[in-house]
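K.L.:
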């Protein structure tokens with residue numbers, strides 16, 4: 001039951017192709033950039049995102065009220081008291097016995113309190129120099145820590161990188177073709193040199209009889225470089241890669257010329273809108289805020305269990321300790337005094353456990369999951385906001401007929417305000433899809449970590465395939481989202497329509 005293609009006209013076949021790639025947009029001479037008459041998009045997702053962020057703030061406040069980061073910042077003694085905090089402010093280190101060695105007859109506590117001292121840091125000043133050598137370890141002795149007498153050039157790496165990048169952008173505006181072709185030819189030259197070098201090493205080992213069977217498995221990489229077959233494998237791989245690059249260069253040379261023109265125009269756009277170089281710093285600040293809030297919230301959630309102290313008799317044989325001390329009396333270690341139990345002088349207020357009976361404490365794991373989910377969503381939203389903002393700014397430049405006079409005033413700020421005013425829901429929608437995929441990847445990593453001890457090859461294979469598939473899916477969604485945000489910035493449509501149009505546009509220009 002097939003279709004006889006002999007009776008189908010050529011025209012009817014060609015009419016089905018636009019359904020796969022969509023109709024290209026018609027030329028509109030009146031279109032002058034990102035449209036201004038737009039409305040809010042994906043309102044439901046915007047409301048959902050606001051609710052999640054509000055809940056995230058509530059979780060952070062509750063964690064701050066119940067949590068106590070001193071549990072992880074300071075050590076505690078056997079009675080639950082913090083070291084380095086009042087009343088033990090002058091005792092920052094916890095003392096414990098070495099269970100690997102038997103205790104001697106010496107009064108260890110007396111020796112620790114009177115005779116022993118903590119190791120001190122050895123400090124040595126170096127003469128003035130550009131960079132200070134780092135002495136890690138020599139002769140089995142501890143490293144010597146050097147103070148920096150002069151600033152090192154490595155501390156200026158960020159500034160140097162920014163200056164070099166700016167100079168490179170300026171050079172791209174005037175020498176884009178030369179730089180790109182030098183880069184391409186340089187890659188080909190490096191590949192050709194690698195082929196020659198591998199062939200030379202392969203020829204020099206012509207009389208070698210060493211094989212992989214003789215060497216076996218070794219952590220020393222130099223051993224494998226003495227085998228002739230190793231250089232033969234390198235030679236084949238480099239030759240194939242070089243051939244692929246040459247064929248790509250030959251058949252896609254016109255596309256490379258288009259790419260060079262795009263790079264030249266992009267560098268020109270950056271020179272007209274220098275604020276676009278500063279906006280990544282704004283995104284970086286937002287990301288630092290998200291990461292800091294997530295870390296602090298996770299820390300306070302992990303330490304939100306209230307400590308429980310009970311009165312315990314260290315010597316139950318004393319007087320009436322067995323009758324007075326039942327083990328259920330709670331106490332406060334700061335206000336406890338053994339004189340409160342005169343019939344049992346050995347009574348002490350001892351730390352027992354952390355309270356996990358409250359509603360908040362019973363749901364700590366669920367709150368940690370919510371913390372991770374909200375964190376990923378916020379991070380992806382910040383990245384989406386940055387991509388949409390930059391896309392709107394560069395779109396204003398692209399559709400400016402007379403440059404730079406037709407470029408709007410403050411295009412970056414205008415694009416940022418448009419994204420926040422109209423498209424928070426669409427950006428949150430795209431970020432939510434990516435967050436769900438990332439959560440699935442985290443779950444798969446957790447399952448794989450738990451199943452590593454099991455020798456079940458079938459389960460490991462399925463997990464490996466799933467991890468690979470979702471990794472590819474995440475990369476694809478990131479790529480599609482980025483192009484969807486560009487469509488949102490230009491045309492102001494919702495996320496689904498923008499993603500569809502972006503996908504069809506990519507399909508029509510798949511080689512590029």
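In full-length UniProt numbering, the protein residues as written are 1 to 512.
Cβ atoms here follow ideal geometry from the backbone N, Cα and C, with glycine treated the same way.
It should be emphasised that the depicted structure is a prediction, and the values quoted were computed from it without experimental measurement.
1. Indicate the three-state DSSP secondary structure (helix, strand or coil) for residue 351 in the structure shown.
2. Is it a yes or a no for the region 363 to 375 touching the region 332 to 346, going by three-plus beta-carbon pairs under 8 Å?
3. Just to confirm my understanding: we take residue 238, look at its own chain, exclude 5 residues before and 5 after, and list those with CB closer than 7 Å. What are they?
4. At the level of alpha carbons, what is the spacing between residue 270 and residue 164?
5. Kindly indicate the opening and closing residues of the beta strand (DSSP E) around residue 307.
6. Taking DSSP as the reference, what is the three-state secondary structure of residue 82?
7. Apart from the five residues on each side of it in sequence, which residues of its chain come closer than 7 Å, Cβ to Cβ, to residue 388?
8. Do the region 226 to 238 and the region 258 to 276 make contact, defined as three or more Cβ pairs closer than 8 Å?
9. Tell me the residue span of the alpha helix (DSSP H) that contains residue 500.
10. Determine contact between the region 60 to 76 and the region 443 to 458, defined as no fewer than three beta-carbon pairs at a distance below 8 Å.
11. Have a look at the DSSP bridge pairing and note the partners of residue 76.
12. Taking a contact to mean a Cβ-Cβ separation below 8 Å, would you say residue 364 touches residue 301 in this structure?
13. Judging by CA-CA distance, which residue of 413, 431 and 499 is the nearest neighbour of residue 278?
14. Report the option in 463, 425 and 459 whose CA atom is closest to the CA atom of residue 442.
15. Which residues share a DSSP beta bridge with residue 330?
16. Out of 180, 58, 494 and 38, which one is the CA nearest neighbour of residue 253?
17. Answer with buried or exposed for residue 168, where buried requires no fewer than 16 other C-beta atoms within 10 angstroms of its C-beta.
18. Quick one: is residue 185 buried, meaning 16 or more other Cβ sit within 10 Å of its Cβ, or exposed?
19. Just how far apart, CA to CA, sit residue 285 and residue 267?
20. If you follow the alpha helix (DSSP H) that residue 229 is in, where does it begin and where does it stop?
21. Please list the terminal residues of the continuous alpha helix (DSSP H) segment that includes residue 416.
22. On a CA-only basis, which of 386, 313, 467 and 390 is nearest residue 447? Give me that one, please.
23. In this structure, how does DSSP classify residue 341 when only helix, strand and coil are distinguished?
24. Judging by CA-CA distance, which residue of 400, 437, 383 and 399 is the nearest neighbour of residue 416?
25. In chain order, which alpha helix (DSSP H) runs of at least 4 residues are fully inside the region 388 to 473?
26. I'd like to know whether the C-beta atoms of residue 519 and residue 43 end up nearer to each other than 8 Å.
27. Which residue from 391, 398, 298 and 496 puts its Cα closest to that of residue 56?
28. Check the C-beta distance from residue 346 over to residue 376 and give it rounded, since I have them as a contact under 8 Å.
29. Could you tell me if residue 15 is buried or exposed, where buried requires 16 or more neighbouring beta carbons within 10 angstroms of its beta carbon?
30. Quick check on this structure: which residue in 378, 312, 65 and 281 has the alpha carbon closest to the alpha carbon of residue 348?
31. Let's test the definition: count the other Cβ atoms within 10 Å of the Cβ of residue 141 and tell me whether it reaches 16, buried, or not, exposed.
32. Could you compute how far the alpha carbon of residue 282 sits from the alpha carbon of residue 289?
33. Residue 41 lies in the alpha helix (DSSP H); which residues open and close that run?
34. With distances taken from CA atoms, which of 329, 366 and 351 is nearest residue 308?
35. Is it the case that the Cβ atoms of residue 502 and residue 34 are separated by a distance below 8 Å?
P.N.:
Inspection of the coordinates gives the following:
1. strand
2. no
3. 191, 194, 195 and 198
4. Answer to the nearest angstrom: the Cα atoms are 15 Å apart.
5. First-last of the beta strand (DSSP E) with residue 307: 306 to 313.
6. strand
7. 419, 423, 427, 485, 488 and 489
8. no
9. 495 to 508
10. no
11. 82
12. Going by C-beta atoms, residue 364 is nearer than 8 Å to residue 301.
13. 413
14. For residue 442, the nearest C-alpha among the options comes from 463.
15. 310
16. 180
17. exposed
18. exposed
19. 25 Å
20. 228 to 251
21. 411 to 422
22. 467
23. If DSSP states are grouped into helix, strand and coil, residue 341 belongs with coil.
24. It is 383.
25. 411 to 422 and 424 to 451
26. With the chain running from 1 to 512 in the structure shown, residue 519 is simply not present.
27. 298
28. About 53 Å; that fails the 8 Å criterion.
29. Here the model assigns residue 15 a pLDDT of 36, short of 50, so the residue's position is not dependable, and the following value carries that caveat. So residue 15 counts as exposed.
30. 312
31. In this predicted model, residue 141 has a pLDDT of only 44, less than 50, meaning its place in the structure is not dependable; the value taken from the coordinates is given anyway. Exposed, by the Cβ-count rule.
32. 11 Å
33. From DSSP, residue 41 is part of no alpha helix (DSSP H); its letter is neither H nor E.
34. 351
35. no
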